[in-house]
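Here the structure comes first, spelled out in structure tokens, and everything after it is commentary.
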Amino acid sequence: MKKTMVVLAWLSFLAMLSLGFNRYLERQTNPNQNLDFGGLTGNEAKVTLLQNRQGHYIVGGEINNYPATFILDTGATSISIPGKLAQKIGLSKGFPVRTKTANGDITVYRLSLDSVRVGPIMLRGIQAHINPHMKGDEVLLGMSFLKHLDMLQKGKEITLSLPNRL
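Below, the structure written as structure tokens:
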């Protein structure tokens, strides 16, 4: 009985240690998981993101009200959605176009998204493409979205906000 209790205690300890370590690794991959946007809307809308260990900015958001994980990519012309994720969201392949990537020329499918949201910032009618060659579920948040925002990078933080329009 005593031996069983010791084994159970060790197993519980190892399970808690494993859970804690997994949470630590998740925060290193995406330090922006639990952002508080303070109820800001309209022209006050602002999002400040921290770099992850690899130097990327990752943030949760929505495409057409469907949850998505974005990687900010100022080198991408438009939002690039992996093919499998596009199927989950229910996006229809749009017009096929050839595009150049770091891995060569590929065919992607251009479409317009009803809405894209990052925190309190929501834009409508944003151009994107479905990339059937992308692995994973992360969406590249390219310039078709970012060009509508003011971006200020300081150190390992970037702040995205809607421009003040009078």
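Letter by letter, the sequence shown follows residues 0 to 165 in numbering that gives the first Met the number 0.
Idealized CB from N, CA, C, for every residue including glycine.
All of these numbers come straight from a predicted model, not from anything done at the bench.
DSSP three-state assignment for residue i, whether helix, strand or coil
i      : result
LYS153 : strand
LEU24  : The pLDDT assigned to LEU24 is 48, lower than 50, so where the model puts this residue is not dependable; a value taken from the coordinates is nonetheless given after this. It is helical.
THR158 : strand
THR76  : coil
LYS146 : coil
LYS134 : coil
Other residues of its chain near residue i: CB distance less than 7 Å, five sequence neighbours each side excluded
i      : result
LYS155 : LEU49, GLN50
THR73  : MET142, LEU145
SER160 : ALA44, LYS45, LEU148, ASP149
Beta-carbon proximity of residue i to residue j, cut-off 9 Å
i      : j      : result
LYS92  : ALA101 : no
VAL58  : SER79  : no
ILE125 : LEU90  : no
Continuous beta strand (DSSP E) stretch holding residue i: start and end
i      : result
SER114 : 103 to 117
ALA67  : 65 to 71
ARG97  : 94 to 100
GLY59  : 57 to 62
Opening and closing residue of the alpha helix (DSSP H) in which residue i lies
i      : result
LEU122 : Counting along the chain, LEU122 falls outside any alpha helix (DSSP H), though it belongs to the beta strand (DSSP E) covering 120 to 130.
GLY82  : 82 to 88
LEU139 : LEU139 -> not in any alpha helix (DSSP H); beta strand (DSSP E) instead, spanning 137 to 140.
Cβ neighbours of residue i in the same chain (closer than 8 Å, five flanking residues each side left out)
i     : result
TYR56 : ASN31, LEU48, LEU49, GLN50, ILE70, LEU71, ILE157
LYS83 : ASP136
9 Å Cβ cutoff, residue i in contact with chain B
i      : result
LYS134 : The chain inventory of the structure shown lacks chain B, comprising one protein chain alone.
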